[in-house]
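Beneath this line is the structure, given in C-alpha cells, with notes to follow.
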C-alpha cells in the first residue's frame, strides 16, 4: 500500500497564520502545499503542479456563527471537490474560540454535514509547538513553562476569546449540542477510536501528549473524512505516513536567504508579540504607532498616510520599521481603541477588521515603494493585510520558526512578495531579526542558498 495520487488533505484555515502553518508543516515534510485566498480555479492550480495539500484561508476565527452558516458550506464543498481524502478545519492550537466568535462547534457541525463524516477526530495538540492533549485537557507552553490552557498567562487574557476552560469537550460543548467525547491516551490502540465512535459521539478529542503519540493519532485521522484541529493534524499524518514507509524521513527546512530590509506591521495585542517588538526596538528598529483612534473618525486616511510616510522614511535611512497598532494586553491604546470603535457604532470584530485593513494599506504602500519582504503580526490582522496586498496564494519558501515561515505571496497584479504571517503567540523573541535571513550552511541544511523557483 502507498499514498494515493493527488492532494492528500484539503484544509480550511480559520485565520491566515494558522492556515499558512499547515502549508509549512506539509511542505517542509516533503509534501508540496499551497494556500489560496479563494477556491482555486483549474487554471490557477496549473500554476502549482504536484500539490499534496490545498488550503483555503479565511477569517472564520473572527466571524459569527451566522457568517459561518453563510460561507463555510460553499468553502467545504470546494475543498471536497479537490478530491483529497481528508478535509481539515484548521483551528488555533490554543483552542481560543467562543459561541459567538470563531465558533469551533459550528465549524464542526458544518464540516460533518459537508463531508458525511459520522465522527470527527479533534486534535489541538502540536507537540513540536508545545501544545499537548492529555486526558481530554489542553496544555500549552508559554512564559514560565507548560500551562493548562485556562491558566496560560497569555491565553487566559486573550482580548477577544479569553480561555477559561481547558477541558476540550466542555469548551466545545458551549458551542455545539453535538455529543463529544475524549479518547484517553491509554486507549490510543488500533481499535480505541472505533469502539468509542460506536457509542455515538460526533467528535472525539484525541489525546496526544508528545511526539511518540503522533503516528497513532495520524492513523486515526487518516481513517476519517473530516478532522478539526491545529496543524498537529498534519504533523500526525506525516508521522503516520513515515511509520508506514510511505514518506521519506528527511525533512527539508531551507533557511531564508538574506535581505537588507524588512517592514513589519502588527495588529496583535499578544504579550509575546509585544516582547518581540520590544526586543527589536531595543536594537534600533523604529516602532511607529498607528493612531488607531483616528481610524474611526475623519482622520483615518491621514493616520494611515502618516504611518506609511514614517515607515518609508525609516527604510530610506536603512532601518527596518515596525508599524504597531497595539503593544500588548496592557497597552492603554487598547481601551481607547475599543471606546472609539463603540462610538463609531461598530462591533469589536468590525473594528478589528478596520485596523487590519489600515495596516494592509500601510504595508501596500511600502511594497509599492520597493520593499520585497514583509512580516505581519496577528492571525486576524494577517487576513486583512494579505488581501490588501492583493495576494491570491501563499506558498512556503523557507523555514524561520514554527507558525512563522517565509512564504511567497503570489499577487493578482504585480510581482510576488515575500511574506511572513505570524500569529500572536508564535515565534522566538528575536523573530524579526531572524526574518531578515541568514546564509544557510548547505551541509547543515541539506539545501543551497538559492531560493526555490516556481
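Numbering (my numbering), first residue to last: 49 to 502.
Where is the CB? At the ideal position from N, CA and C, for every residue including glycine.
What ranges does the beta strand (DSSP E) occupy inside the stretch 406–487, keeping only unbroken runs of at least 3 residues that lie completely in it? Segments of the beta strand (DSSP E) lying fully in the stretch 406–487: 421–425, 439–446, 454–459 and 465–470.
Tell me whether residue 187, by its Cβ, gets closer than 7 Å to a heavy atom of the ligand MG. As presented, the structure is devoid of all ligands, the ligand MG included, so that no description of it is given.
Using DSSP with H/G/I as helix, E/B as strand and the rest coil, what is residue 344? For the purposes of this step, residue 344 is identified with residue 296 of the chain shown, where counting begins at 1. Of the three classes helix, strand and coil, the one that applies to residue 344 here is helix, per DSSP.
Rounded to a whole number of angstroms, what is the C-alpha to C-alpha distance between residue 402 and residue 247? By one-based count along the chain shown, residue 402 stands at place 354. By one-based count along the chain shown, residue 247 stands at place 199. Counting only the Cα atoms, residue 247 lies some 46 Å from residue 402.
Shortest alpha-carbon distance to residue 153 belongs to which of 163, 164 and 139? Position 105 of the chain shown, counted from the first residue, corresponds to residue 153. Out of 163, 164 and 139, 139 has the C-alpha closest to the C-alpha of residue 153.
Assign residue 365 to buried or exposed, taking buried as 16 or more other Cβ atoms, counted over all protein chains shown, within 10 Å of its Cβ. Here residue 365 is taken as the residue at index 317 of the chain shown, counted from 1. Counting every other CB atom within 10 Å of its CB across the protein chains shown gives residue 365 a total below 16, marking it as exposed.
Residue of 355, 66, 318 and 184 minimising C-alpha distance to residue 335: For the purposes of this step, residue 335 is taken as residue 287 along the chain shown, with counting starting at 1. Closest by alpha carbon: 355.
Our contact map puts residue 437 next to residue 411 with C-beta atoms below 8 Å; I'd like the distance itself, whole angstroms only. One-based indexing of the chain shown puts residue 437 at position 389. One-based indexing of the chain shown puts residue 411 at position 363. With 8 Å as the limit, residue 437 and residue 411 qualify as a contact, their Cβ atoms being about 6 Å apart.
Using the Cα positions of residue 97 and residue 434, report the straight-line distance between them to the nearest angstrom. Along the chain shown, read from residue 1 onward, the residue named residue 97 stands at position 49. Along the chain shown, read from residue 1 onward, the residue named residue 434 stands at position 386. One alpha carbon belongs to residue 97, the other to residue 434, and they sit about 23 Å apart.
Cα-Cα separation, residue 494 to residue 450: Position 446 of the chain shown, counting from 1, holds the residue named residue 494. Position 402 of the chain shown, counting from 1, holds the residue named residue 450. Any reading at residue 494 is ruled out, since the residue's pLDDT is 34, under 50, leaving its predicted position unreliable.
Which residue marks the beginning of the beta strand (DSSP E) containing residue 105, and which one marks its end? In the chain shown, counting from the first residue as 1, residue 105 sits at position 57. Here the beta strand (DSSP E) through residue 105 covers 101–105.
Look at residue 338 and residue 351 and say whether their C-beta atoms are less than 8 Å apart. Taking the first residue of the chain shown as 1, we reach residue 338 at position 290. Taking the first residue of the chain shown as 1, we reach residue 351 at position 303. Inclusion of residue 338 and residue 351 in the CB contact set at 8 Å is warranted, their separation being smaller than that value.
Which partner residues does residue 274 have in the DSSP bridge list? The count along the chain shown starts at 1 and reaches residue 274 at position 226. In the DSSP output, where bridge partners are listed per residue, residue 274 has 135.
Contiguous alpha helix (DSSP H) assignments of at least 4 residues, all confined to the stretch 182–260: If one requires a minimum length of 4 residues, the alpha helix (DSSP H) runs lying completely within the stretch 182–260 are 216–221 and 240–245, in chain order.
Just list the residues that DSSP pairs residue 179 with in beta bridges. Taking the chain shown and counting its residues from 1, the one referred to as residue 179 is at position 131. According to DSSP, which records beta bridges pairwise, residue 179 is partnered with 174 and 188.
Taking residue 186 as the reference, which of 209, 206, 213 and 168 has the closest Cα? Taking the first residue of the chain shown as position 1, residue 186 is located at position 138. Selected option, being the one with the closest Cα: 213.
Using the Cα positions of residue 299 and residue 288, report the straight-line distance between them to the nearest angstrom. By 1-based counting over the chain shown, the position of residue 299 is 251. By 1-based counting over the chain shown, the position of residue 288 is 240. A direct Cα-Cα distance of roughly 14 Å separates residue 299 from residue 288.
Cα-Cα separation between residue 455 and residue 420, rounded to whole angstroms: The count along the chain shown starts at 1 and reaches residue 455 at position 407. The count along the chain shown starts at 1 and reaches residue 420 at position 372. Roughly 12 Å between the two C-alpha positions.
Nearest-angstrom beta carbon gap, residue 167 and residue 245 [assumed within contact, 8 Å]: The count along the chain shown starts at 1 and reaches residue 245 at position 197. The count along the chain shown starts at 1 and reaches residue 167 at position 119. Residue 245 to residue 167, Cβ: 4 Å. Contact.
Bridge-paired residues (DSSP) for residue 58: Position 10 of the chain shown, counted from the start, is the residue given in the question as residue 58. According to DSSP, residue 58 bridges with 102 and 135.
Please give me, in chain order, every unbroken run of the beta strand (DSSP E) with length at least 3 that falls completely inside the stretch 282–338. The qualifying runs are 311–314 and 335–337.
DSSP state of residue 495 mapped onto helix, strand, coil: Within the chain shown, residue 495 is the residue found at index 447, counting from 1. Reliability fails at residue 495, whose pLDDT of 34 lies under 50, so the model's placement of it is uncertain and no value is given.
Could you spell out the range, first to last residue, of the alpha helix (DSSP H) harbouring residue 116? As a working mapping, residue 116 is identified with position 68 in the chain shown. Judged by DSSP secondary structure, residue 116 falls within the alpha helix (DSSP H) whose first and last residues are 113–128.
Secondary structure of residue 371, DSSP reduced to three states: One-based indexing of the chain shown puts residue 371 at position 323. In the three-state reduction of the DSSP assignment, residue 371 falls in the strand class, which pools E and B.
Reference residue 105, options 203, 310, 76 and 136, closest by Cα: Taking the chain shown and counting its residues from 1, one reaches residue 105 at position 57. Residue 105 has its Cα closest to that of 136, out of 203, 310, 76 and 136.
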